[in-house]
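Residue numbers (the working numbering): 20 to 141.
Listed below in C-alpha cells is the structure:
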C-alpha cells in the first residue's frame with residue numbers, strides 16, 4: 020500500500036480504522052460527520068505527500084495523527100454544525116470502541132483529550 024510497510028501509520032492505523040468505521044457506518048447517527056472526517060483525513064495526507072519531495076515514516080505518522088483534530092472538529096469546511104462536539108454520546112462511545120486497540124497509544128490519547136478539551140469550552 021504505502022511506504023513504511025504493515026507497521027507504518029497508513030497500513031497499521033489509517034487503512035485499518037478507515038475500513039472498520041466504514042463497516043460500522045450504519046450504526047452511527049451522524050454519517051455526514053463520519054464521511055467528512057474520512058475525506059478530510061485522506062485529502063490532508065495526500066496533500067502532504069504531494070507537496071513534500073522527501074518524507075520519512077515518522078513524518079507520515081505525524082501528519083496523520085496531527086490531522087485528526089482539525090478533521091474531527093471541521094470535517095466539512097462550510098458547516099459549523101458537523102463536528103465532533105455535536106456527536107451523540109453513543110457515537111463517541113462507538114468511535115472509541117472501534118479504536119479500542121489504539122486508544123491508549125499516546126498520539127491517539129493526545130488527540131482525544133484535545134477534542135474533549137475543545138468541546139468543553141463551549
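Virtual Cβ for every residue (Gly too), placed ideally from N, Cα, C.
- Residue 69 sits in a helix when the DSSP states are folded into three classes.
- The three-state secondary structure of residue 51, taken from DSSP, is helix.
- Non-local C-beta neighbours of residue 59 in its own chain, meaning closer than 6 Å and more than five positions away in sequence, comprise 90, 94, ordered along the chain.
- Residue 48 places its beta carbon less than 9 Å from that of residue 106.
- Just so you know, the alpha carbons of residue 64 and residue 82 end up roughly 7 Å apart.
- For residue 80, the three-state secondary structure derived from DSSP is helix.
- Counting only the Cα atoms, residue 103 lies some 22 Å from residue 29.
- In the assembly as shown, residue 41 is an exposed residue. Its beta-carbon has fewer than 16 other beta-carbons within 10 Å.
- In its chain, beyond the 5 residues on either side, 90, 91, 94 have a beta carbon closer than 8 Å to the beta carbon of residue 56.
- Look at residue 101 here: in three-state DSSP terms it is coil, with no helix or strand label.
- Bounds of the alpha helix (DSSP H) holding residue 37 are 35-42.
- Residue 98 is positioned such that its CB atom lies no closer than 9 Å to that of residue 27.
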